[in-house]
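Trainee: Its first residue numbered 5, the sequence shown is counted upward by one per residue in the working numbering. Beta carbons are placed, not taken as given, at the ideal position from N, Cα and C, and that holds for glycine.
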Amino acid sequence: MPTPAKRPSRRWAPRFFQGTDAVTWARLLYRNRFAVSPRYWYIAGIVSVASTANLVLRWVQEGLYGRELARTPLARHPVFVIGHWRTGTTLLHELLVQDPQFSYPDFFACFNPNHRLLTERFFKTYANWMAPQQRPMDNMAAGWGRPQEDEFALALLGLPSTYTDLAFPRRPPQHPGSLDLSGLSAGELARWKRTFVRFLKTVSFRDGRRLVLKSPPHTARVPHLLDIFPDARFVHIVRDPHVVFPSTVNLWKSMAGRHGFQPPPTEGVEERVFREFRVIYDRLEEARPLFRPGRFHELRYEDLVRDPVGEVRKVYAGLELDGFAAAEPRLEAYLRQTDGYETNKYALTEGQRAEVDRRWGDVIRRYGYG
Numbered sequence: 005m006p007t008p009a010k011r012p013s014r015r016w017a018p019r020f021f022q023g024t025d026a027v028t029w030a031r032l033l034y035r036n037r038f039a040v041s042p043r044y045w046y047i048a049g050i051v052s053v054a055s056t057a058n059l060v061l062r063w064v065q066e067g068l069y070g071r072e073l074a075r076t077p078l079a080r081h082p083v084f085v086i087g088h089w090r091t092g093t094t095l096l097h098e099l100l101v102q103d104p105q106f107s108y109p110d111f112f113a114c115f116n117p118n119h120r121l122l123t124e125r126f127f128k129t130y131a132n133w134m135a136p137q138q139r140p141m142d143n144m145a146a147g148w149g150r151p152q153e154d155e156f157a158l159a160l161l162g163l164p165s166t167y168t169d170l171a172f173p174r175r176p177p178q179h180p181g182s183l184d185l186s187g188l189s190a191g192e193l194a195r196w197k198r199t200f201v202r203f204l205k206t207v208s209f210r211d212g213r214r215l216v217l218k219s220p221p222h223t224a225r226v227p228h229l230l231d232i233f234p235d236a237r238f239v240h241i242v243r244d245p246h247v248v249f250p251s252t253v254n255l256w257k258s259m260a261g262r263h264g265f266q267p268p269p270t271e272g273v274e275e276r277v278f279r280e281f282r283v284i285y286d287r288l289e290e291a292r293p294l295f296r297p298g299r300f301h302e303l304r305y306e307d308l309v310r311d312p313v314g315e316v317r318k319v320y321a322g323l324e325l326d327g328f329a330a331a332e333p334r335l336e337a338y339l340r341q342t343d344g345y346e347t348n349k350y351a352l353t354e355g356q357r358a359e360v361d362r363r364w365g366d367v368i369r370r371y372g373y374g
């Protein structure tokens with residue numbers, strides 16, 4: 005949930021990779037030749053201890069709940085919030101889940117996917133102090149119960165993910181082709197789908213409401229998501245690429261600095277942003293013919309900020325979702341509570357603007373930002 009920018013934030017927060025298991029952590033270290041910088045050795049030690057505990061807890065959880073999880077149904081196919089990083093996917097996700105008919109993966113589920121069913125109640129009752137107050141790249145509030153990206157959970161569960169590159173940002177990409185899943189073998193893709201569904205079942209185990217999921221990488225994975233969930237709905241949010249570019253560069257730098265085991269890189273980040281933007285929007289364009297009527301809706305971030313209630317109403321109509329009348333009072337209460345939120349502002353150099361126009365010009369024109 006966004007909060008006024010004046011709210012103070014704590015410095016300490018758990019590292020992303022503390023939620024992984026020992027096998028995944030060992031593989032990550034081995035693939036990167038154990039290239040942990042000396043100043044991060046103590047963090048790597050904490051992750052080593054935590055990941056071992058996570059593995060044991062996962063075995064316990066599987067022993068206690070494994071059969072029930074396998075039989076857990078997913079109540080109707082999910083609603084996916086998609087869009088490039090920094091386009092307002094978090095804001096749209098938070099607005100949609102104000103509707104009591106929806107559920108979602110929260111911060112705890114996504115950052116502790118190995119033992120959520122065992123430990124969630126304890127941490128949310130007695131260890132709220134461990135949750136970060138705000139995300140490192142902006143003023144958006146965090147916390148154990150806040151909606152979160154399921155991609156974090158998938159990376160911590162050992163699936164190929166571009167988020168794994170945050171661990172060793174000065175090393176080559178760990179899983180080329182993981183953004184759109186094109187780099188996965190048939191066996192790896194089958195495992196990705198099984199693990200994804202299994203994670204969603206842990207989220208739905210005690211709450212059977214329809215899931216609303218948000219993860220920018222899913223924008224490039226529509227065919228695979230439709231293969232799992234043929235009746236899924238997708239709402240795509242766009243934002244001026246001239247704003248998205250510097251904001252995404254800041255995102256990767258701040259995330260690498262906060263969660264990595266090496267000093268953040270000083271070069272290569274801008275090129276990564278240019279490259280992944282193309283993957284996301286090219287794959288989405290290729291997937292457009294796959295959307296059935298009433299299963300895909302697009303909106304602009306600028307319009308959502310100007311008229312959030314009106315734009316969410318259009319989302320419900322575009323996706324043929326019922327229940328907006330019941331959700332509207334909660335939505336308005338949320339907006340009153342978050343009034344005063346301020347976004348970060350970034351400036352482009354003339355050279356950066358020219359390069360954005362050159363490399364992303366077709367997308368800029370497609371969505372009317374030219």
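Less than 7 Å between C-beta atoms, sequence neighbours within five positions excluded: which residues of the same chain meet that for Val4?
Mentor: Outside the shown range of the chain (5 to 374) lies residue 4, about which nothing can therefore be said.
Trainee: Which ranges does the alpha helix (DSSP H) cover as unbroken runs of at least 4 residues, wholly within the region 124-205, from first to last along the chain?
Mentor: The qualifying runs are 154-160.
Trainee: Can you tell me whether Thr129 is buried or exposed, with buried defined as 16 or more other CB within 10 angstroms of its CB?
Mentor: So Thr129 ends up on the exposed side.
Trainee: Mind the definition here: the region 77-94 touches the region 217-225 only if three or more C-beta pairs lie below 8 Å; say whether that holds.
Mentor: The answer is yes - the region 217-225 touches the region 77-94, with three or more Cβ pairs under 8 Å.
Trainee: Does DSSP put Gln22 in a helix, a strand or coil?
Mentor: Of the three classes helix, strand and coil, the one that applies to Gln22 here is helix, per DSSP.
Trainee: Which value, in whole angstroms, describes the spacing of the CA atoms of Gly70 and Val226?
Mentor: C-alpha separation (whole angstroms): 29 Å.
Trainee: Rounded to whole angstroms, what's the CA-CA distance from Leu161 to Tyr108? Just pull it up for me.
Mentor: Approximately 18 Å between the Cα atoms of the pair.
Trainee: Compute the beta-carbon to beta-carbon distance between Asn58 and Phe172, rounded to the nearest angstrom, for a pair I have assumed lies under 8 Å.
Mentor: So it is not a contact: roughly 20 Å between Cβ atoms.
Trainee: In chain order, what residues of the same chain lie with their CB nearer than 6 Å to the CB of Ala224, ignoring the 5 residues before and after it?
Mentor: Within the same chain, Ala224 has close Cβ partners Leu183, Asp184, Val283, Ile284, Arg287.
Trainee: Compute the Euclidean distance between the alpha carbons of Met141 and Phe209, then round it to the nearest angstrom.
Mentor: Low confidence applies to Met141: its pLDDT is 49, below 50, so where it sits in the model is not reliable enough to give any reading.
Trainee: Please say whether Gly187 and Pro180 have beta carbons closer to each other than 8 Å?
Mentor: Taking 8 Å as the Cβ cut-off, Pro180 and Gly187 qualify as a contacting pair.
Trainee: Count the other CB atoms, across all protein chains shown, that sit within 10 Å of the CB of Trp196; report buried if there are 16 or more and exposed otherwise.
Mentor: Buried.
Trainee: Tell me whether Asp343 is buried or exposed, calling it buried when 16 or more other Cβ atoms sit within 10 Å of its Cβ.
Mentor: When all chains shown are included, Asp343 counts as exposed.
Trainee: With a threshold of 7 Å on Cβ separation, who are the neighbours of Ala48 within its own chain once the five nearest residues in sequence on each side are excluded?
Mentor: Answer for Ala48: Val40, Phe265, listed in chain order.
Trainee: Run through DSSP, which three-state label would Ser219 get?
Mentor: Here Ser219 sits in coil by DSSP.
Trainee: Pick from Tyr371, Ser55, Ala30, Thr76: whose alpha carbon is nearest that of Arg243?
Mentor: Closest option to Arg243, Cα to Cα, is Tyr371.
Trainee: Name the DSSP beta bridge partners of Ile47, please?
Mentor: Beta-bridge pairing links Ile47 to no other residue.
Trainee: Could you check how far apart the C-beta atoms of Arg214 and Arg80 are, in whole angstroms? I think they sit under 8 Å.
Mentor: Right, the Cβ-Cβ distance comes to about 5 Å (below 8 Å), so this counts as a contact.
Trainee: From Glu98, Trp148, Gln105, pick the residue whose C-alpha is nearest to that of Phe111; which is it?
Mentor: Comparing Cα positions, the closest option is Trp148.
Trainee: Across which residues does DSSP place His240 in a beta bridge pair?
Mentor: Answer is Ile86, Glu302.
Trainee: Looking at the structure shown, is Phe106 part of a helix, part of a strand, or coil, going by DSSP?
Mentor: Strand at Phe106.
Trainee: To the nearest whole angstrom, what separates the beta carbons of Leu335 and Leu99, a pair I think is in contact under 8 Å?
Mentor: Indeed they touch by this definition, with Cβ atoms about 6 Å apart.
Trainee: Check Arg279 in the structure and name its three-state DSSP category.
Mentor: Correct three-state label for Arg279: helix.
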